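Below is one structure, written out as structure tokens; the observations come after it.
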Amino acid sequence: MRQSMTLIPTLREVPADAEIKSHQLLLRAGFIRQIASGVYSYLPLANKTLHKIEQIIREEMDNAGAAELLMPAMQPAELWQESGRWYSYGDELMRMRDRHDREFALGATHEEVITSIVRDDVKSYKRLPLALYQIQTKFRDEKRPRFGLLRGREFIMKDAYSFHTNKESLDETYNKMYTAYTNIFRRCGLDFRAVLADSGAIGGKDTQEFMVLSDIGEDTIAYSDSSDYAANIEMAEVNIPYEKPAEEAHALEKVETPEQKTIGEVSGFLDVDASKVIKSLVFKADDEYVMVLVRGDHEANDIKVKKVLGAASVELADQEETKKVLGCPVGSIGPVQSGQDIKIVADYAVEALVNAVCGANEDGFHYINVSPGRDFQVDSYADIRFIREGDPSPDGNGTIKFARGIEVGHIFKLGTTYSEAMDGTYLDENGKTQPYIMGCYGIGVSRTLSAIAEQFNDENGLVWPSNIAPYDVHLIPVNTKDSSQLALAEDLYSLLKRDRYDVLMDDRAERPGVKFKDSDLIGLPVRVTVGKKAEEGIVEVKVRKTGEVHEVSKERLVPLLGDIFQQLAGF
RNA sequence: CGGGAUGUAGCUCAGCUUGGUAGAGCACUAGCAUGGGGUGCUAGGGGUCGCAGGUUCAAUUCCUGUCAUCCCGACCA
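So in this note's numbering, the last spot in the first sequence is 583, and the numbers never skip.
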């Protein structure tokens with residue numbers, strides 16, 4: 013492609029609205045333009061890159077035995093009403109009405125549509141298992157779109173769905189998808205990790221997320237420093253056998269703690285370690301209020317709380333609700349003699365405390381020498397806190413460290429949630445009606461694009477891995493008024509294209525400095541500069557990633573590029 | 001949805017406090033020179049100052065409302 017024939021609007025300055033590197037660079041290098049909050053146009057360079065990523069995905073999905081199809085973005089409300097998600101999905105589902113006032117949703121995901129397709133035409137166990145996928149635009153009315161392509165309201169996603177007659181078959185496909193995903197992200201050059209995850213609103217059990225490691229990631233990964241254990245912090249199990257200290261339990265005592273509300277204030281005021289303080293929180297679980305206890309130096313994990321309570325939704329009660337429920341402001345609540353009829357759930361670490369401190373349910377007072385079991389009873393002890401860095405790894409090997417991650421893929425074993433809700437059934441060998449056992453597998457394609465940009469850049473711009481760069485070679489005639497340079501560049505342009513290189517030729521009548529700066533910003537793997545030595549048939553080859561420079565004759569260019577791209581393979 | 005901030009040219013911003021209907025740099029157009037790391041000079045084009053009310057002889061500037069965008073948090077396959 014000649015640069016004069018396409019649209020690559022580079023910017024010298026950083027757009028004020030872009031905070032993170034990938035967003036800034038994708039804007040500056042002319043890949044994307046924002047149309048509305050969380051809504052972007054993919055300009056030609058981004059479009060080419062997306063196609064490269066999609067091609068890798070298609071190859072790997074086909075390898076995993078999945079067939080591509082394309083479903084509608086516009087979906088009738090009836091399907092979502094069948095699954096129940098018309099009511100449960102909330103405001104994130106984009107809804108619309110047609111001219112006859114019929115209701116529709118713009119697809120946020122496609123379990124409903126795929127289930128409706130398959131249930132109509134796959135009625136026999138003989139047709140199963142079956143795996144189908146699509147690459148398509150999804151719509152989610154995010155409360156807060158951010159970070160450019162990383163969290164948009166409209167984005168490109170690959171979503172796959174599988175249908176099975178038994179769990180083993182589901183496991184098999186799930187594992188194939190795991191392998192396919194690993195291959196895909198590896199081929200994209202990404203530094204990533206598969207982690208145990210929470211299944212969230214989609215439902216289902218076993219589920220893993222593929223996380224690109226990055227400081228700007230919105231998720232925290234807890235991983236072991238000496239095994240391959242890795243989990244989303246939401247999920248990471250705390251597996252510590254707490255033991256009660258061999259310490260005599262003193263008599264319970266109420267002490268005055270004026271204006272001491274936070275754990276830090278209380279522990280400082282009473283001169284005890286935060287780990288001796290019981291943190292009491294009130295959660296609203298569906299419609300019930302529950303008191304949750306964790307140690308002062310721990311954080312309650314609402315997802316674990318949700319699971320322990322078997323609730324559909326759990327959120328921290330606000331200060332006023334708490335006051336209403338316990339008759340006492342947030343800073344002084346506690347489990348002792350609460351007198352209120354409230355369910356209490358405590359972390360295992362709390363059970364092992366002796367002579368602890370907790371709120372006295374009276375503004376400005378706390379109890380000291382509190383002993384769980386003696387001074388208060390709980391409904392159950394469970395693992396309900398977030399794991400911390402330095403905790404032992406749940407698999408027993410090593411200690412936990414944290415990293416930040418960008419979720420680019422997620423694989424689920426759905427089970428029969430959707431098939432049962434939507435009557436997706438087949439006849440088994442015995443002629444008996446059975447619901448499909450389902451799996452679903454997603455990749456955020458546009459998010460992957462920006463994760464790559466986030467991971468691969470330097471002070472001069474983007475540095476695309478060779479597999480997914482929009483073009484392979486940036487061919488630059490330094491002076492377009494110099495006929496020998498222009499002639500050689502044209503010659504090489506044809507030559508390289510004949511050799512199946514994807515070439516971008518900067519034929520603009522720009523100054524050399526402008527071309528070089530733009531070239532670095534765009535970040536194609538190899539730059540071929542046709543300059544002063546054009547008359548001798550000599551050009552300069554520069555590798556974007558390493559900065560290494562070669563001067564070669566026209567004849568040696570193709571073999572040299574062959575070597576360079578071989579070296580870059582996998583990057 | 002809570003908290004914070006910002007809307008002036010394609011981009012980055014100044015002007016507004018103390019009202020008199022707009023500026024800079026970059027980008028863009030033309031010309032001359034230049035031609036290996038964002039070139040120099042000259043001459044140009046481009047803005048209902050987010051939108052709507054209000055105050056005023058007069059509003060980019062003051063007041064009210066509204067919309068949009070970004071950041072933090074909550075939320076989220």
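Where is the CB? At the ideal position from N, CA and C, for every residue including glycine.
All figures in this text were calculated on a predicted structure; none of them were measured in a lab.
Item: Residue range of the unbroken beta strand (DSSP E) whose run includes Asp359; Value: Lys355 to Asp359
Item: Contacting residues, own chain, Cβ-Cβ under 6 Å from Asp210 (five flanking each side not counted); Value: Glu246, Met247 and Ile315
Item: Of the residues Glu327, Val306 and Ala286, the one placed nearest Ala297, counting alpha carbons only; Value: Glu327
Item: Cut-off 8 Å between Cβ atoms - residues of its own chain near His378, not counting five sequence neighbours on either side; Value: Lys266, Val267, Thr269, Gln272, Val278, Leu282, Ser344, Gly346, Val369, Cys370, Gly371 and Ala372
Item: Between the CA atoms of Met517 and Thr18 - distance to the nearest angstrom; Value: 11 Å
Item: Proximity to Gly48 [Cα-Cα], best of Glu154, Asn491 and Leu62; Value: Correcting the residue identity first, residue 48 is Ala in this sequence and not Gly. Nearest C-alpha to Ala48: Glu154.
Item: Environment of Ala143 [buried if 16+ CB atoms lie within 10 Å]; Value: buried
Item: 8 Å CB neighbourhood of Ser226 in its chain, flanking five on each side removed; Value: Arg416, Gly417, Ile418, Ala463, Glu466 and Gln467
Item: As assigned by DSSP and simplified to three states, the class of Leu39; Value: helix
Item: Leu144 (DSSP reduced to helix, strand or coil); Value: strand
Item: Spatial distance of Ile37 from Gly454 (CA atoms); Value: In the sequence as displayed, the identity of residue 37 is Leu instead of Ile. Cα to Cα, the separation comes out at about 26 Å.
Item: Nearest-angstrom Cα separation, counted from Gln148 out to Pro257; Value: 58 Å
Item: Three or more C-beta pairs below 8 Å linking the segment 155-163 and the segment 120-128; Value: no
Item: Closest by C-alpha distance to Met223, when choosing among Asp532, Asn472 and His422; Value: His422
Item: Rounded C-alpha distance that separates Glu522 from Val490; Value: 8 Å
Item: Residue(s) in a DSSP beta bridge with Pro447; Value: Thr437
Item: Ala358 vs Val320 beta-carbon contact at 8 Å; Value: no
Item: Rounded distance between the beta-carbons of Ala263 and Arg307, thought under 8 Å; Value: So it is not a contact: roughly 22 Å between Cβ atoms.
Item: 6 Å CB neighbourhood of Arg107 in its chain, flanking five on each side removed; Value: Ala117
Item: Cβ-Cβ separation, Ile356 to Leu305 (assumed contact under 8 Å), whole Å; Value: 7 Å
Item: Where Ala272 sits in the DSSP three-state scheme; Value: According to the sequence provided, residue 272 is Gln. The question's Ala does not apply to it. Three-state DSSP puts Gln272 in coil, outside helix and strand.
Item: Counted within 10 angstroms of its Cβ, other Cβ atoms place Leu23 as buried (16 or more) or exposed; Value: exposed
Item: Whole-angstrom distance between Ile196 and Leu57, CA atom to CA atom; Value: 20 Å
Item: Residues near Glu66 by beta carbon distance below 7 Å, same chain, minus five either side; Value: Ile147 and Val457
Item: Closest by C-alpha distance to Gly229, when choosing among Ser238, Asn244, Val382 and Asp435; Value: Asn244
Item: For Glu66, three-class secondary structure by DSSP; Value: helix
Item: Where the alpha helix (DSSP H) through Val390 begins and ends; Value: No alpha helix (DSSP H) holds Val390; DSSP gives it neither H nor E.
Item: DSSP three-state assignment for Pro88, whether helix, strand or coil; Value: strand
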